[in-house]
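Numbering (our numbering), first residue to last: 1 to 594.
Here it is in structure tokens:
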């Protein structure tokens, strides 16, 4: 058997073999020309790179080609977006290109639940896999500490204001903020899917045990601190943003920020180690950064701006990745991340699979695939029936191609191929995608690594030769509700938007204040459908997007229209991934992480 055979080996087994041969951190830095004073080793295999020193040293160097990877609307079958990102890096590496990338750090919640790790798969895999999947160099832990410190500051201040009069507060150099315990913007966070903590009561006990009130937990990657890590552009900018987070409101409805609570600077201190991206590598030894990891359905869904800035200086081809499908991840990359960073992408790769597109063939009777349930056997073998599913489902891909073209950049469709696909199925996808104006490559990187991604690499290099005509979907001056309507119609394919009375009232207030023109419009919507309803697959027409509320993130500078029922704390399934994770007690190696 070949050294790697994904048809017979699990990802953790491939990773275990590859990690025995991986390039040590210092050697990788030597290869990339990163001097010792810019290295922050975290053991032998991985480490951080000092982004401030690195960018200062390379500031005069021209940027490389900027390539974003997105996908069709996600399905439980998996489209392999991270796998395709790693495969493209490996394919370009096989072509002798100076290539690298940056992907997001995975949350412990999905890793231990259904989704598993987000390191790619097969031979197109990021290593070391266990480090990547179980906390890496501590960024999410630092985010939890910074975020929860803000909650400690607010809830303890509430207790003291309840227990002490104004004179007693003044003796402690405090002024009364009049915190409204019924109006908190923030809750607590932890990095697991814990549905039992969505609604909690805190402060039970005596007067020294806090103020009794309703509270909540969200998953760590939903934190505004994580979003800020993704979009900050300097340490000064990070500190400013961490002091402008809205924690709660006073009894007159005025926002109370982390700066008002005098906690933002201490939060910054917790985050200082995390401003520097972590350098890892693929199974085939190409470099790849990992930095930030906000979800795309409830936040910006991007790896960090600073990691992209470094990558574009170090690599001739820099690959980045957006969360979920192009309706969410790419839209936020396009209209938020690129607006904040000023960086212009050359290419957007839309990852698709035959199985995933069949799943969207709902008008042709495709069988459902509930998360956590066995995939119906029909998805594993071509037939006239499933070919009809594919013919209908490929329209979902076409919708995303149109979205990317509206940004003025070249779409490349990657058909992430598996051994049970047929040539006829690939030909159908190619024909429909090319008719929409996309370039297309069939890639077998999951099974064959870089050798299987040569066509993919070649098509992307050709696409990079075209000069981008990049443009945003809307100007900052466009009123908030007009932005939402434009995104709904042009990206999701909705016929219109219906704003709930409470949402309308908030939007009117935001639209009257010019300072909110600079806030990004950060849609909060399910990733499992183009619509607000996760059960609706395919490419529906004639539907209306409901917006029930607007949330505001003062530090990240996001206004978030909330569409449908979205929870900041996912739930753990009845068959979670942690049941299959174990440790070899003789070697200490972790096994079972996909």
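Backbone N, C-alpha and C fix where the C-beta goes; we use that ideal spot for every residue, glycine too.
Beta-carbon proximity check, residue i vs residue j, cutoff 8 Å
i: residue 221; j: residue 305; result: no
i: residue 301; j: residue 106; result: no
i: residue 261; j: residue 308; result: no
i: residue 142; j: residue 352; result: no
i: residue 281; j: residue 99; result: no
i: residue 496; j: residue 319; result: no
i: residue 268; j: residue 593; result: no
i: residue 422; j: residue 442; result: no
i: residue 433; j: residue 401; result: yes
i: residue 396; j: residue 538; result: yes
i: residue 346; j: residue 81; result: no
i: residue 340; j: residue 296; result: no
i: residue 550; j: residue 510; result: yes
Close-in-space but distant-in-sequence residues of the same chain around residue i (CB under 6 Å, 5 per side omitted)
i: residue 310; result: 51, 54
i: residue 184; result: 248
i: residue 332; result: 300, 301
i: residue 270; result: 142, 145, 146
i: residue 226; result: 143, 294
i: residue 439; result: 412, 459, 463
i: residue 445; result: 87, 124, 452, 453
i: residue 7; result: none
Which of helix, strand or coil DSSP assigns to residue i
i: residue 52; result: helix
i: residue 373; result: coil
i: residue 647; result: Outside the displayed span of the chain (1 to 594) sits residue 647, for which this structure offers no information.
i: residue 65; result: strand
i: residue 88; result: helix
i: residue 543; result: coil
i: residue 322; result: strand
i: residue 398; result: helix
i: residue 235; result: helix
i: residue 418; result: coil
i: residue 1; result: Summary for residue 1: the model assigns pLDDT 45, below 50, so the residue's position carries little reliability, and this model does not support an answer.
i: residue 459; result: helix
i: residue 125; result: strand
i: residue 449; result: helix
i: residue 10; result: coil
i: residue 17; result: helix
Close-in-space but distant-in-sequence residues of the same chain around residue i (CB under 7 Å, 5 per side omitted)
i: residue 44; result: 24, 25
i: residue 29; result: 39
i: residue 178; result: 250, 251
i: residue 494; result: 488, 543, 544, 545
Nearest-angstrom Cβ-Cβ length linking residue i and residue j, presumed shorter than 8 Å
i: residue 212; j: residue 201; result: 7 Å
i: residue 137; j: residue 22; result: That belief does not hold up - the Cβ atoms of residue 137 and residue 22 are roughly 16 Å apart, past 8 Å.
i: residue 407; j: residue 471; result: 7 Å
i: residue 242; j: residue 264; result: 5 Å
i: residue 525; j: residue 328; result: 7 Å
i: residue 83; j: residue 108; result: Contact flag wrong, Cβ pair sits at about 20 Å.
i: residue 413; j: residue 348; result: So it is not a contact: roughly 10 Å between Cβ atoms.
i: residue 420; j: residue 381; result: 7 Å
i: residue 160; j: residue 149; result: The Cβ separation is near 16 Å, so there is no contact.
i: residue 520; j: residue 283; result: In fact, because the Cβ distance is near 36 Å, the residues do not count as touching under 8 Å.
Spatial distance of residue i from residue j (CA atoms)
i: residue 245; j: residue 114; result: 32 Å
i: residue 15; j: residue 193; result: 26 Å
i: residue 37; j: residue 315; result: 20 Å
i: residue 217; j: residue 478; result: 34 Å
i: residue 9; j: residue 387; result: 29 Å
i: residue 289; j: residue 278; result: 5 Å
i: residue 322; j: residue 361; result: 24 Å
i: residue 59; j: residue 234; result: 14 Å
i: residue 162; j: residue 180; result: 11 Å
i: residue 250; j: residue 392; result: 53 Å
i: residue 74; j: residue 158; result: 42 Å
i: residue 168; j: residue 253; result: 25 Å
i: residue 487; j: residue 515; result: 21 Å
i: residue 365; j: residue 389; result: 7 Å
i: residue 71; j: residue 79; result: 7 Å
i: residue 467; j: residue 62; result: 16 Å
i: residue 555; j: residue 394; result: 39 Å
i: residue 1; j: residue 18; result: Any answer about residue 1 is weak, because its pLDDT of 45 lies below 50 and its placement is not dependable; what the coordinates show is given next. Approximately 15 Å between the Cα atoms of the pair.
i: residue 475; j: residue 3; result: 52 Å
i: residue 410; j: residue 172; result: 60 Å
i: residue 465; j: residue 67; result: 12 Å
i: residue 544; j: residue 207; result: 49 Å
i: residue 203; j: residue 579; result: 34 Å
i: residue 574; j: residue 165; result: 50 Å
Nonlocal neighbours in the same chain, by C-beta distance under 8 Å from residue i, ignoring five residues either side
i: residue 485; result: 496, 497
i: residue 547; result: 484, 497, 498, 499, 500, 503, 561, 562, 563
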